[in-house]
């Protein structure tokens, strides 16, 4: 599990870790049942306080992204959970925002953009599904 | 007496100290809880080293109280020093000794010295046992100092500017040592630094010092959550920084200015509105920004 923390921008480190794990789960790079590194291991890897990693894991556990198995470790929960879908949509929403901003910059109306998305979507669909 | 373990590894209450006419420490109070990493942040000359010297019993409080694990470091130095591993800012190791001699020499002082752990650290740090201390590079010198501070597994690790002047590889070794120390249950780290990036990574609690005073102390999370960065926009360009009362600092130019405020964000927003500023964005401030804002507020 490759994460990256930075300290310049004011986002608390535990939140950076939690967000990145969610992203990895939502994007499929962490699959349900995968074990996330033990707190100490990740603390060493990222050079952050173990309590910070513990807080990130607690947050993820509370939101149902991961769960602890007694006496063993922390594992990624079922990706079919509503949260994973919510997170996936959130990732897409950021992309859509960027797209809308660019469209506005290029003076393309949202309706026109919608038409374009539909058109592109049809053109990249496999033939047999048409 | 100390029959039950005190919850604090370090307790400083109303500590003051003068050097000549200079007030080096001005009613300093702070508490370092057991099992936590405490980062003491301040510019050069803020009084960090003077405070640490008091914790080691090398300076006697002029007024105020210093307790380390409940002991007075001046009255009971053995009780304090046998529990404390210390890395000094200038790493004053005996230059004429070889690395292996330094280890054996230091081991003699500490009944709890762990030779196997010391040897493991020596190999990890890549220190040649036959090298003379005086021939070591700056980074190797720091590692040797860190090694002898760690090898008896002290309950309290006290580091005075551990990373200053070191390259990133050695700084990484030092951060790893801090993390390993707290990961071992119950042990405590107190370190001073002006490298806020490192403090933000490893500290549970912090205190900020300016001119001998602690202006801010608390958990790192609380400090970060209580400080806000407000981006203010004005209808007309401002030639000089707008006077927004209640904010720590205001920087910028033209129509956009950045204010850092502590806690009272509604008041700050209202004060900004009175001088014609609208808040267009609000974000959490980085430790770096918080420090600079306080530094400015305290030296004006």
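Protein chains in written order, with my numbering: chain A, 13 to 142; chain B, 78 to 377. Glycine included, C-beta positions come from ideal geometry on N, C-alpha and C. Remember, predicted model here, so these are calculated numbers, not experimental data.
Query: Can you check DSSP and say which residues form a bridge with residue 358(B)?; Result: 308(B)
Query: Over the uninterrupted beta strand (DSSP E) stretch that includes residue 79(A), give me the two end residues.; Result: 78-81
Query: Hey, could you find the ends of the alpha helix (DSSP H) residue 202(B) is sitting in?; Result: 192-202
Query: Ignore the nearest five residues each way along the sequence and tell me which others in residue 132(A)'s own chain have a CB closer than 7 Å to its CB.; Result: none
Query: Under 9 Å between beta-carbons, which chain B residues line up against residue 31(A)? List them in chain order, please.; Result: Going along chain B, no residue has its Cβ under 9 Å from residue 31(A), so there is no contact; the nearest lies around 14 Å.
Query: Buried or exposed, going by whether 16 or more other CB atoms sit within 10 Å of the CB of residue 28(A)?; Result: buried
Query: What is the DSSP secondary structure of residue 240(B), reduced to helix, strand or coil?; Result: coil
Query: Does any residue of chain A have a CB that is nearer than 9 Å to the CB of residue 79(B)?; Result: Residue placement at residue 79(B) is poorly supported in this model, since its pLDDT is 46, which falls under 50; the coordinates still yield a value, given next. No - not a single Cβ of chain A is within 9 Å of the one on residue 79(B).
Query: Helix, strand or coil: how does DSSP classify residue 36(A) here?; Result: helix
Query: Give the DSSP-derived three-state secondary structure of residue 178(B) in the structure shown.; Result: helix
Query: Quick check: the stretch 306-325 of chain B against the stretch 55-69 of chain A, are at least 3 beta-carbon pairs closer than 8 Å?; Result: no
Query: Could you please tell me which residues of the stretch 35-67 of chain A, in chain order, have their CB closer than 9 Å to any CB of chain B?; Result: 51, 52, 55, 56, 58, 59, 60, 61, 62, 63, 64, 67
Query: When burial is assigned at 16 or more other CB atoms within 10 Å of the CB, is residue 18(A) buried or exposed?; Result: exposed
Query: Buried or exposed: where does residue 142(B) fall if 16 or more other Cβ atoms within 10 Å of its Cβ makes it buried?; Result: exposed
Query: Roughly how many whole angstroms lie between the Cα atoms of residue 183(B) and residue 225(B)?; Result: 7 Å
Query: Could you name the residues of the stretch 269-295 of chain B whose beta carbon sits closer than 8 Å to any beta carbon of chain A, in the order they occur along the chain?; Result: 273, 274, 277, 278, 279, 280, 281
Query: Using a Cβ-Cβ cut-off of less than 7 Å, list which residues of the stretch 64-90 of chain A approach chain B; keep chain order.; Result: none
Query: Between the alpha carbons of residue 152(B) and residue 89(B), how many angstroms are there, rounded?; Result: 15 Å
Query: Which partner residues does residue 284(B) have in the DSSP bridge list?; Result: 117(B), 294(B)
Query: Quick one: give me the first and last residue of the alpha helix (DSSP H) that residue 255(B) is part of.; Result: 245-260
Query: Identify the contact partners of residue 114(B) in chain A, using a Cβ-Cβ distance below 9 Å as the criterion.; Result: 61, 63
Query: Closest Cβ-Cβ distance between residue 24(B) and chain A: below 9 Å?; Result: Outside the shown range of chain B, which is 78 to 377, sits residue 24(B), and nothing can be said about it.
Query: Once the 5 residues before and after residue 271(B) are set aside, which same chain residues still bring their CB inside 8 Å of it?; Result: 118, 119, 120, 121, 238, 241
Query: Suppose you measure from the CA of residue 93(B) to the CA of residue 131(B); what does that come to, to the nearest Å?; Result: 10 Å
Query: With burial defined as no fewer than 16 other Cβ atoms inside 10 Å of the residue's Cβ, what is the status of residue 245(B): buried or exposed?; Result: exposed
Query: Applying a beta-carbon distance threshold of less than 7 Å, which residues of chain B neighbour residue 24(A)?; Result: 298, 301
Query: Does DSSP classify residue 51(A) as helix, strand or coil?; Result: helix
Query: Taking C-alpha atoms, which residue in 190(B), 195(B), 258(B), 165(B) lies nearest to residue 279(B)?; Result: 258(B)
Query: Please list, in chain order, the residues of the stretch 101-117 of chain A that have any C-beta partner in chain B closer than 9 Å.; Result: none
Query: Straight-line CA distance for residue 457(B) to residue 346(B)?; Result: Any property of residue 457(B) remains undetermined from this structure, which presents chain B solely from 78 to 377.
Query: For a test of your reading of the model: does the CB of residue 85(B) fall under 8 Å from any non-hydrogen atom of the ligand ADP? Yes or no.; Result: By its list of ligands, the structure shown contains no ligand whatsoever, and the ligand ADP lies outside what it can speak to.
Query: Measuring only the C-alpha atoms, how far is residue 114(B) from residue 103(A)?; Result: 35 Å
Query: Report yes if the C-beta distance between residue 363(B) and residue 277(B) is below 9 Å; otherwise report no.; Result: yes
Query: Just checking: is the beta-carbon of residue 120(A) within a distance shorter than 9 Å of some beta-carbon in chain B?; Result: no
Query: With a cut-off of 8 Å on the beta carbons, I'd call residue 335(B) and residue 328(B) a contact; round off their distance for me.; Result: 5 Å
Query: Given that a residue counts as buried once 16 or more other Cβ atoms are within 10 Å of its Cβ, and exposed if not, what is residue 247(B)?; Result: buried
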